[in-house]
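Be aware that the sequence shown starts at 2, since it is given in the numbering used here, and climbs by one per residue. The C-beta atom is built at its ideal place from N, Cα and C for all residues, glycine as well. What you are looking at is a predicted structure, and each value in this text was computed from that prediction instead of being measured. Down below is the structure, laid out as structure tokens.
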Amino acid sequence: MGYFRQDPQVWMKTGQSPVSEADYAVDTYLRETLLKARPDYGWLSEETVDSPERLSRRRTFVVDPIDGTRAFLEGYPVWCVSIAVVEDGISRAGVLDCPAKGEIYWAAADGGAFRNGQPLKVNPHREAFTVAGPKPMLAATPPKWKDRFTVIPYIPSLACRVAMVASGELDASYVKANAHDWDLAAADLILREAGGKLVDAAGAELRYAGTHPVHGALVAGSGPLLQVMTSVIAGLDA
């Protein structure tokens with residue numbers, strides 16, 4: 002939090018996405034601390050140059066030092082530090098630390114999902130839905146479903162958005178193509194342990210820490226709504 006709302010130095014990466022000295026500082030701290038504790042783990046982070054050496058490791062830390070850097074730089078509180086432990090392609094432990102909101106989400110495989118110590122559960126199936134996601138995907142949703150939507154404005158942290166589905170603040174969310182493992186690995190586990198799913202256009206759950214840590218269009222949700230939204234992204238991909 003020492004850099005938040007303190008005008009940190011910023012650079013632009015390829016693709017014109019910002020990275021700040023705060024991103025690098027958090028990345029360095031986590032890499033040194035976590036790998037000292039678990040030297041046999043691999044490391045995959047948005048702010049560390051990737052190395053194929055990690056592919057030889059059974060377990061890998063998958064980290065986004067600040068998910069939602071633009072929000073962080075603008076002083077908006079919806080950003081988080083995302084840390085997951087991936088084993089054989091599957092998230093086994095995950096933490097989202099959202100210090101500006103005073104929230105910590107965590108989950109362990111088969112151990113449930115929690116926010117500040119309180120168990121999380123996705124919303125039960127109902128007649129009206131609170132959703133988020135890119136406008137083209139929302140517009141392509143069949144009217145009999147879309148007419149029951151309350152659409153939440155843009156949420157700058159993808160990890161936070163998926164976690165909001167886990168907590169019941171959202172019923173579902175579309176995710177545009179090109180999300181990376183570090184955006185998703187921890188939040189995916191939190192959602193799964195809360196009773197939801199994050200799936201691709203084929204309805205398949207995701208695998209992480211492989212050779213190409215980038216994903217196509219996705220949907221986070223549960224129940225019949227998840228099925229409908231999955232068919233929407235499948236149609237857009239066709």
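8 Å contact criterion, which residue i and residue j should meet: CB distance rounded
i, j, result
"Leu139", "Lys145", "Not quite, the Cβ-Cβ distance comes to about 14 Å (not below 8 Å), so this is no contact."
"Ser83", "Val132", "Ser83 to Val132, Cβ: 22 Å. No contact."
"Arg149", "Glu128", "6 Å"
"Cys161", "Gly76", "Their Cβ separation, rounded to whole angstroms, is 16 Å, which puts Cys161 and Gly76 out of contact at 8 Å."
"Ala141", "Gly217", "Going by Cβ atoms, the distance from Ala141 to Gly217 rounds to 15 Å, so no, they are not a contact pair."
Residue burial classification, residue i (beta-carbon count within 10 angstroms, cutoff 16)
i, result
"His213", "exposed"
"Thr15", "exposed"
"Arg71", "exposed"
"Leu97", "buried"
"Tyr30", "exposed"
Residue i versus residue j: straight-line alpha-carbon distance, rounded
i, j, result
"Val27", "Leu207", "26 Å"
"Ser232", "Ala202", "7 Å"
"Ser92", "Val86", "6 Å"
"Pro154", "Pro135", "10 Å"
"Met13", "Glu22", "12 Å"
"Val152", "Lys37", "44 Å"
"Pro53", "Gly43", "10 Å"
"Val229", "Val20", "36 Å"
"Asp51", "Pro9", "25 Å"
"Ala178", "Pro225", "22 Å"
"Ala188", "Glu104", "14 Å"
"Phe73", "Pro125", "32 Å"
"Val215", "Ile234", "16 Å"
Residue i vs residue j beta-carbon contact at 8 Å
i, j, result
"Leu185", "Val163", "yes"
"Leu35", "Phe5", "no"
"Glu47", "Pro78", "no"
"Ala205", "Leu45", "no"
"Ser168", "Cys81", "no"
"Arg32", "Thr49", "yes"
"Lys122", "Gly196", "yes"
"Leu192", "Lys198", "yes"
"Gly222", "Val166", "yes"
"Gly90", "Ala108", "no"
"Glu194", "Gly112", "yes"
"Gly130", "Asp182", "The question names Gly, but residue 130 is Phe in the sequence shown. Against a cut-off of 8 Å, the Cβ pair of Asp182 and Phe130 comes out as no contact."
"Asp41", "Arg58", "yes"
Min CB distance residue i to chain B below 8 Å
i, result
"Ala140", "This model lacks chain B altogether; it includes just one protein chain."
In chain order, which alpha helix (DSSP H) runs of at least 4 residues are fully inside the stretch 114-196? 136-140, 144-147, 159-168 and 182-194
Ordered list of beta strand (DSSP E) runs contained in the stretch 35-121, each at least 3 residues
43-46, 60-68, 81-88, 91-99, 104-109 and 114-116
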